[in-house]
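2 protein chains.
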Amino acid sequence: MRDGRIPAATVARLPVYLQVLLEAAEAGVEVLASEDLARAAGYNAAKVRKDLSYLGTHGTRGVGYDVDALARELSRALGLLEDRPVVLVGVGNLGRALASYDGFRRRGFHLAALLDAAPSVIDQDVAGYRVRAVEELESVVVEHDISLAVLAIPAAQAQPMVDRLVAAGVRAILSFVPTHLAVPDDVTLRRVDLATELQILSFYEQVVVDAPTTTTTT
Amino acid sequence: MRDGRIPAATVARLPVYLQVLLEAAEAGVEVLASEDLARAAGYNAAKVRKDLSYLGTHGTRGVGYDVDALARELSRALGLLEDRPVVLVGVGNLGRALASYDGFRRRGFHLAALLDAAPSVIDQDVAGYRVRAVEELESVVVEHDISLAVLAIPAAQAQPMVDRLVAAGVRAILSFVPTHLAVPDDVTLRRVDLATELQILSFYEQVVVDAPTTTTTT
DNA sequence: CGTTGTGAAGGAGTTCACAGCA
DNA sequence: TGCTGTGAACTCCTTCACAACG
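Going line by line, the protein sequences match chains A and B.
In this text, residue positions in the first sequence follow the numbering used here: the first is 9, and each later residue adds one.
In this text, residue positions in the second sequence follow the numbering used here: the first is 9, and each later residue adds one.
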């Protein structure tokens, strides 16, 4: 256990550990050794122990980690002790799917609002939510004290929308837009590009063998 | 330019470069310096040059990189010279969105088949495709010579399905399943977990400042 | 005794800085 | 002159290996 900053690579794995722990708890398991955790997460034991050591977590030597305690610890570290409100901007195909995706709900988030610019979809019902006009963005963010946004709009409109989200007070953005988007240093942006992922796979498929069986990183 | 293996981190950036180049070509730009490419991609010039050097690509000193030539070079490296067939397994909310997502089509892939296990969706029309029974998996893979699969099914059924895909001859899998899935060494699996991405953002949002403005890696 | 927590070694990826060339 | 291509330095991450300890 150290106290400086937690390495980015470690942060990216914490949700995976949490997931494994919640499944173990579900199954009635009370203690897991780093070895077990590693197997279930797809890493190795040394990495698991080092990662957890950054949290200052203490397992029990000769025994392992208490499943419930560690899950709580991870939830706390990730800021998931209570449900976080998220605003979803863009209700096209992908946006609709994201709105219907219950993984968000089940893993600590809820959609506080769905926004779109197209008059044709405004006021429409999507996955049980009423789509609101992007004009309401600023008021929605303030009203629900939102700091997380999911962006699923066309590339052409994306940068201005990012600027607007940032100005409104959003601190972190999950972008599905296939373009580089600039944000200030104090705002975090993660980009998920589905076509890019397939293209990476395409590379390894033809090169045959040897791809690092991956996950998202950094 | 070297000739060994291309670093995983570099491979993950190649699609981004390609995207930038195609947009530049679209805009009529014929030459880009590493500096320009870097700005558009969100990296820095040294990284761009080193990445490209692994391809054995030669830019022109004092000038930059020929946009068309480099785009072709990258397409070749990524195995995108011709459209690649992909099989999509799982036509739930996410699967439907993926089927409707035109980014795949526009960036070198086409869905050769949509499969699902639920009798209620079989033969249904989704995004213009007729959903087929998973039973047809093996024949579809052989018939279309498919090596890429996209997996969007519940975690519980995922590992057996992965084994089946691999046995059928699939060499690379893009998984949206929020669980670790095992594949043999000669098969590549990339995992995209949307809730995980949000949880990572949640961490940085609360920690305030300092997150490495990211993209998918490895 | 078994498993954690961690220094230290090793490996991967990034950035620097400059020589080399169009 | 201007920008590429790249060795070398550096930083970040992973893995090893073992002492510490319940």
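Note that the Cβ used here is the ideal one computed from N, Cα and C, for glycine as well.
>> I'd like to know whether the C-beta of residue 214(A) is nearer than 9 Å to at least one C-beta of chain B.
In response: yes
> Name the chain A residues that come within less than 9 Å of residue 92(B), Cβ to Cβ?
Replying inline: 206, 210, 213
>> I'd like the span of the alpha helix (DSSP H) that includes residue 208(A), first residue to last.
In response: 202–215
>> Just verifying my parser: in three-state terms, what is the DSSP assignment at residue 10(A)?
In response: In this prediction, residue 10(A) has a pLDDT of 40, which is less than 50 and means its spatial position is unreliable; what the coordinates show is noted afterwards. Three-state DSSP puts residue 10(A) in coil, outside helix and strand.
>> Can you pull the chain A neighbours of residue 229(B), defined as C-beta to C-beta under 7 Å?
In response: Absent from the structure is residue 229(B), since the part of chain B shown begins at 9 and ends at 226.
> The beta strand (DSSP E) spanning residue 124(A) covers which residue range?
Replying inline: 117–124
> Between residue 121(A) and residue 110(B), what straight-line distance do the alpha-carbon atoms span, to the nearest angstrom?
Replying inline: 25 Å
>> Taking the alpha-carbon of residue 96(A) as reference, which of 72(A), 178(A), 16(A), 194(A) has the nearest alpha-carbon?
In response: 178(A)
>> Give me the chain B residues within the contact set of residue 88(A), using Cβ-Cβ distance strictly less than 7 Å, ordered along the chain.
In response: 207, 210
> Taking residue 268(A) as the reference, which of 35(B), 189(B), 139(B) has the closest Cα?
Replying inline: This structure cannot settle anything about residue 268(A), because the visible part of chain A is limited to 9 through 226.
>> Check this for me: beta carbons of residue 202(A) and residue 106(B), under 9 Å apart or not?
In response: yes
> Is the segment 23–43 of chain A in contact with the segment 73–90 of chain A, if contact means three or more CB pairs nearer than 8 Å?
Replying inline: yes
>> The beta strand (DSSP E) that contains residue 137(A), what's its start and end?
In response: 137–141
>> In the DSSP output, what is residue 183(B) paired with across the bridge?
In response: 159(B), 199(B)
> Does the Cβ of residue 186(B) have 16 or more other Cβ atoms within 10 Å, making it buried, or fewer, making it exposed?
Replying inline: buried
> Along chain B, in chain order, which residues have C-beta atoms closer than 9 Å to that of residue 116(A)?
Replying inline: 203, 206, 207, 210
> Are there 16 or more other CB atoms within 10 angstroms of the CB of residue 59(A), so buried, or fewer, so exposed?
Replying inline: buried
> Hey, residue 169(B) and residue 159(B) are a contact pair by Cβ (cut 8 Å); roughly how many whole angstroms apart?
Replying inline: 7 Å
> Comparing the C-beta of residue 40(B) with each C-beta of chain A, is any distance below 9 Å?
Replying inline: no
> Quick one: what does DSSP say residue 25(B) is sitting in, helix, strand or coil?
Replying inline: helix
> the segment 145–156 of chain B: which residues have C-beta closer than 9 Å to a C-beta of chain A, in chain order?
Replying inline: 155, 156
> Sorted by chain position, which residues of the same chain lie with C-beta nearer than 8 Å to residue 139(A)'s C-beta, five sequence neighbours on each side aside?
Replying inline: 99, 122, 123, 124, 129, 130, 131, 132, 133
>> To be precise: take each residue of the segment 168–192 of chain A, compare its Cβ to all Cβ atoms of chain B, and keep it if any distance is under 7 Å. Which residues remain?
In response: 179, 180, 182, 186, 188, 191
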